[in-house]
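Novice: Going down the list, the sequences are from chains A and B.
Once you know that position 55 of the first sequence is 55 in my numbering, the rest is easy, because the numbers rise by one and skip nothing.
Once you know that position 140 of the second sequence is 140 in my numbering, the rest is easy, because the numbers rise by one and skip nothing.
In this text, a Cβ means the ideal position worked out from N, Cα and C, and glycines have one as well.
Structure provided below as structure tokens; questions to follow.
Number of protein chains: 2
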Amino acid sequence: MLEKVLVAEDHQTSSKAVAKTIEELSIPVCHYVYYCDDALTRLRNELLSGHPYELLVSDISFVEDHRTQALKSGVDLILAARALQPELKVIVFSAEGHPAKIQSYFKELKVNGYVQKGRMDAVELEKAVMAVAKGQTYMPAGIREKISPTHSHEFNNYDITVLSLLAKGEKLQDIPAILVELGISPTGKSSMEKRLNHIKTVLNFKKNEQLIAFCKDMGII
Amino acid sequence: MLEKVLVAEDHQTSSKAVAKTIEELSIPVCHYVYYCDDALTRLRNELLSGHPYELLVSDISFVEDHRTQALKSGVDLILAARALQPELKVIVFSAEGHPAKIQSYFKELKVNGYVQKGRMDAVELEKAVMAVAKGQTYMPAGIREKISPTHSHEFNNYDITVLSLLAKGEKLQDIPAILVELGISPTGKSSMEKRLNHIKTVLNFKKNEQLIAFCKDMGII
DNA sequence: ACATCAATTACGGTTTTCCGTACAATTTCC
DNA sequence: GGAAATTGTACGGAAAACCGTAATTGATGT
């Protein structure tokens, strides 16, 4: 079993409860912090002292407050942590329920587990920690299946940029100029239209409004 | 001080922590449940037994699972609870941070307090409970100021219907016929356009895409 | 019944988006 | 290096949305 765990979670109420759950698994050392930057500092210190953490349990969204933070979200934290300590195990503990988002954590961040905050999250968390301790990956039940083939378009950075601009109220015909400024290609209006059409075709959507609604639901923008 | 509190919160980790915070205020009786329906049952039973709860601390969003629930959200629960026991005090304990949404809880549901889940939520919750015990209302710091007059439009049933249809991919010109079928008036295309324009003017929006994105963010649709 | 006012709807011109086609640029592969 | 395929762009007609104006309906008060 694991020996040393760090919990990064900004919700005060959750944070202690998570740490308690971890301790109940007879893991001797479990610390918790409310800020991403604090988490990274701790990881670094313990690594340098020769007693590194083995597992990081982290939330994704951290509310901003008076303390300015270099790391703005759990995603930033996980990236930084892995850069520092590549073998560190990571479990995401978040309320995020959008399949696309969850899958991206596994794909982009190579996390070892995901637990969605919910009715049985303490139990789920236990299972996840035990699975990860054994070197396994822990996915919530039925996440893979929920990513239905009709809803399978990989939104890249370009798509997200264009869709975000649309959601901000920019006119299609104004967007090419903005893309040029941002240095994001392709910049042609036709290319953009073609791309949007392709996405709508794949998802079987008719209108941009529908696509925006979908992206909001999925947490893509 | 209060004597008897009920906590309705589906996140297992949060739930216990909240109950603990309540207990630390030397409130003798604090129960917690994971489902809205359970909460209502408890409220009813204790009311009939002559020892009603005085305060309900409830989340807003409850994740759906295998147990089918009559009450689908904290809003439903609060409405039902107030119908049953009008003098019951209510504190909302939610992650929702959007001012418009929070204000609607005070306005529509007449809740007595709101605490946003966050870094100091345990402390905030204590303050809220104490304020409500004294018969005061507890609002998060600076919520009133954040509701800028430019960003205030009351979405009625008609608006929501039209916007939902748009978000489903219906063309503007097809919507009048659908409205006729639904028996929702006005059904004219011009009226609809005028209404949408009015909303966009009030919110200082340019395009429908932007409006849809906003409504998704606000949980209006 | 009539006038008045507000709300709703119909209409039409302008702007924007949609979408197909053709052309240009770039990459890939032989 | 050159053919082929892939990717990006330009253009233009058709469709839809946008927006102002005018006509119609409907409720209200006298």
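For Asp155/B, which residues in chain A fall below 9 angstroms Cβ to Cβ?
Specialist: The count along the second sequence starts at 1 and reaches residue 155/B at position 155. In the sequence under discussion, the amino acid at residue 155/B is Phe, which differs from the Asp named in the question. Those within 9 angstroms of Phe155/B in chain A number zero; the least Cβ separation is about 15 angstroms.
Novice: What are the boundary residues of the alpha helix (DSSP H) that includes Tyr158/B?
Specialist: Taking the first residue of the second sequence as 1, we reach residue 158/B at position 158. Element bounds for Tyr158/B: 157-167.
Novice: Quick one: which chain A residues come within Cβ less than 8 angstroms of Asp10/B?
Specialist: Looking up residue 10/B in the second sequence gives position 10. Under the 8 angstroms cutoff, chain A gives Gly118, Arg119.
Novice: Can a CB atom of chain A be found closer than 9 angstroms to the CB of Gly222/B?
Specialist: Because chain B here runs from 1 to 221, residue 222/B falls outside it and cannot be looked at.
Novice: Measure from the C-beta of Ser94/A to each C-beta in chain B and report whether the shortest distance is under 9 angstroms.
Specialist: For this step, residue 94/A is matched to residue 94 along the first sequence. No, Ser94/A does not count as interfacial toward chain B.
Novice: Per DSSP, which one or two residues make a beta bridge with Asp50/B?
Specialist: As a working mapping, residue 50/B is identified with position 50 in the second sequence. It should be noted that the sequence gives Gly, not Asp, for residue 50/B. Paired residue(s): none; Gly50/B is not in a bridge.
Novice: With the cut-off set at 9 angstroms, would you say His66/A and Gly219/A are in Cβ contact?
Specialist: The residue you call residue 66/A lines up with position 66 of the first sequence. The residue you call residue 219/A lines up with position 219 of the first sequence. Their beta carbons are not under 9 angstroms apart, which means His66/A does not touch Gly219/A by this criterion.
Novice: Between the Cα of Asp121/A and those of Glu154/A, Asn208/A, Ser94/A, His51/A, spot the shortest distance and give me the residue it belongs to.
Specialist: Residue 121/A sits at position 121 when you count from the first residue of the first sequence. Per the Cα distances, Ser94/A.
Novice: Using a Cβ-Cβ distance cut-off of 9 angstroms, determine whether Phe106/B contacts chain A.
Specialist: Your numbering for residue 106/B matches position 106 in the second sequence. Phe106/B does not count as touching chain A.
Novice: Let me make sure I understand the geometry here. Which of Gln69/A, Ala81/A, Gly74/A has the alpha-carbon closest to that of Glu96/A?
Specialist: One-based indexing of the first sequence puts residue 96/A at position 96. The option with the nearest alpha carbon to Glu96/A is Gly74/A.
Novice: Give the interface partners of Lys4/B over in chain A, defined as CB-CB distance under 7 angstroms, in chain order.
Specialist: In the second sequence, counting from the first residue as 1, residue 4/B sits at position 4. Within chain A, no residue comes near Lys4/B; the closest Cβ sits about 21 angstroms away, beyond 7 angstroms.
Novice: With H, G and I counted as helix, E and B as strand and the rest as coil, what does DSSP make of Gln116/A?
Specialist: Numbered from its first residue, the first sequence carries residue 116/A at position 116. Gln116/A falls in the strand class under three-state DSSP.
Novice: Got a sec? Which residues, its chain only, sit under 7 angstroms from His153/B by beta carbon, not counting five neighbours each side?
Specialist: Position 153 of the second sequence, counted from the first residue, corresponds to residue 153/B. Cβ neighbours of His153/B beyond the five flanking positions: Ile199, Val202, Leu203.
Novice: Chain B beta carbons: is any one of them nearer than 9 angstroms to that of Val57/A?
Specialist: Position 57 of the first sequence, counted from the first residue, corresponds to residue 57/A. Judged by the 9 angstroms Cβ criterion, Val57/A is not in contact with chain B.
Novice: Is the beta carbon of Arg82/B less than 9 angstroms from the beta carbon of Leu109/B?
Specialist: Taking the second sequence and counting its residues from 1, the one referred to as residue 82/B is at position 82. Taking the second sequence and counting its residues from 1, the one referred to as residue 109/B is at position 109. Contact flag set, yes.
Novice: When you compare the CB of Ile212/A with every CB in chain B, is at least one pair closer than 9 angstroms?
Specialist: Translated into the one-based positions of the first sequence, residue 212/A becomes position 212. A Cβ of chain B is located within less than 9 angstroms of the beta carbon of Ile212/A.
Novice: Tell me the rounded alpha-carbon separation between Glu3/B and Leu172/B.
Specialist: Here residue 3/B refers to the residue found at position 3 of the second sequence. Here residue 172/B refers to the residue found at position 172 of the second sequence. Using only the alpha carbons, I get a separation of about 55 angstroms.
Novice: I need the DSSP call for Ser191/A, collapsed to helix, strand or coil.
Specialist: Taking the first residue of the first sequence as position 1, residue 191/A is located at position 191. Three-state result, Ser191/A: helix.
Novice: Consider the Cβ of Leu196/B: report whether some Cβ of chain A lies at a distance smaller than 9 angstroms.
Specialist: For this step, residue 196/B is matched to residue 196 along the second sequence. Answer no: the Cβ-Cβ gap between Leu196/B and chain A never drops below 9 angstroms.
Novice: Taking Ser61/B as the reference, give the member of Gly142/B, Ala133/B, Leu77/B with the closest Cα.
Specialist: Taking the first residue of the second sequence as position 1, residue 61/B is located at position 61. Closest option to Ser61/B, Cα to Cα, is Leu77/B.
Novice: I'd like the ranges of any alpha helix (DSSP H) spanning at least 4 consecutive residues and lying wholly in the segment 3-61 of chain A.
Specialist: Within the segment 3-61 of chain A, complete alpha helix (DSSP H) segments of at least 4 residues are found at 12-24, 36-48, given in chain order.
Novice: Please report the residue range of the beta strand (DSSP E) in which Ile91/B lies.
Specialist: Reading the second sequence from its first residue, position 91 is the one you call residue 91/B. Where Ile91/B is concerned, the enclosing beta strand (DSSP E) stretches over 89-94.
Novice: Could you say if the segment 124-134 of chain A and the segment 8-22 of chain A meet the contact criterion of at least three C-beta pairs nearer than 8 angstroms?
Specialist: yes
Novice: Quick check on DSSP: helix, strand or coil for Ser104/A?
Specialist: On the first sequence, residue 104/A is found 104 positions in, with the first residue counted as 1. Reduced to three states, the DSSP call for Ser104/A is helix.
Novice: CB Leu55/A to CB Ala167/A, shorter than 9 angstroms?
Specialist: What you label residue 55/A is simply residue 55 of the first sequence in a count that begins at 1. What you label residue 167/A is simply residue 167 of the first sequence in a count that begins at 1. No, they are not a contact pair.
Novice: Starting from the Cα of Leu40/B, find the closest Cα among Ser14/B, Ile22/B, His11/B, Leu79/B and give me that residue.
Specialist: What you label residue 40/B is simply residue 40 of the second sequence in a count that begins at 1. When each option's Cα is compared against that of Leu40/B, the closest is Leu79/B.
Novice: Given this structure, state the Cα-to-Cα distance separating Gly183/A from Ala100/A, to the nearest angstrom.
Specialist: The residue labelled residue 183/A in the question sits at position 183 within the first sequence. The residue labelled residue 100/A in the question sits at position 100 within the first sequence. So the alpha carbons of these two residues sit roughly 27 angstroms apart.
Novice: To which residues does DSSP link Ser185/B through a beta bridge?
Specialist: Start at 1 with the first residue of the second sequence, and residue 185/B comes out as number 185. None; Ser185/B has no bridge partner.
Novice: Beta-carbon separation of Pro52/A and Ile102/A under 9 angstroms?
Specialist: Taking the first sequence and counting its residues from 1, the one referred to as residue 52/A is at position 52. Taking the first sequence and counting its residues from 1, the one referred to as residue 102/A is at position 102. Their beta carbons are not under 9 angstroms apart, which means Pro52/A does not touch Ile102/A by this criterion.
Novice: Determine the contact status of Lys206/B and Glu209/A, defining contact as a CB-CB distance below 9 angstroms.
Specialist: Numbered from its first residue, the second sequence carries residue 206/B at position 206. Numbered from its first residue, the first sequence carries residue 209/A at position 209. Result no, Cβ atoms of Lys206/B and Glu209/A do not sit closer than 9 angstroms.
Novice: Looking at the C-beta of Tyr34/B, does it have a partner C-beta in chain A at a distance below 9 angstroms?
Specialist: Reading the second sequence from its first residue, position 34 is the one you call residue 34/B. Yes, contact with chain A.
Novice: Could you pull the start and end residues of the alpha helix (DSSP H) that Asp217/B belongs to?
Specialist: On the second sequence, position 217 is the one that residue 217/B refers to. Element bounds for Asp217/B: 208-218.
Novice: Less than 7 angstroms between C-beta atoms, sequence neighbours within five positions excluded: which residues of the same chain meet that for Leu71/A?
Specialist: Your numbering for residue 71/A matches position 71 in the first sequence. Taken in chain order, the residues that qualify are Cys36, Asp37, Leu40, Leu77, Ala80.
Novice: Can you tell which of Val33/B, Glu23/B, Val162/B has the C-alpha that lies nearest to the C-alpha of Glu181/B?
Specialist: For the purposes of this step, residue 181/B is taken as residue 181 along the second sequence, with counting starting at 1. Residue Val162/B is the option with its Cα nearest to Glu181/B.
Novice: Considering only C-alpha positions, which residue in the set Gln12/A, Gly135/A, Asp159/A is nearest to Tyr34/A?
Specialist: Taking the first sequence and counting its residues from 1, the one referred to as residue 34/A is at position 34. Selected option, being the one with the closest Cα: Gln12/A.
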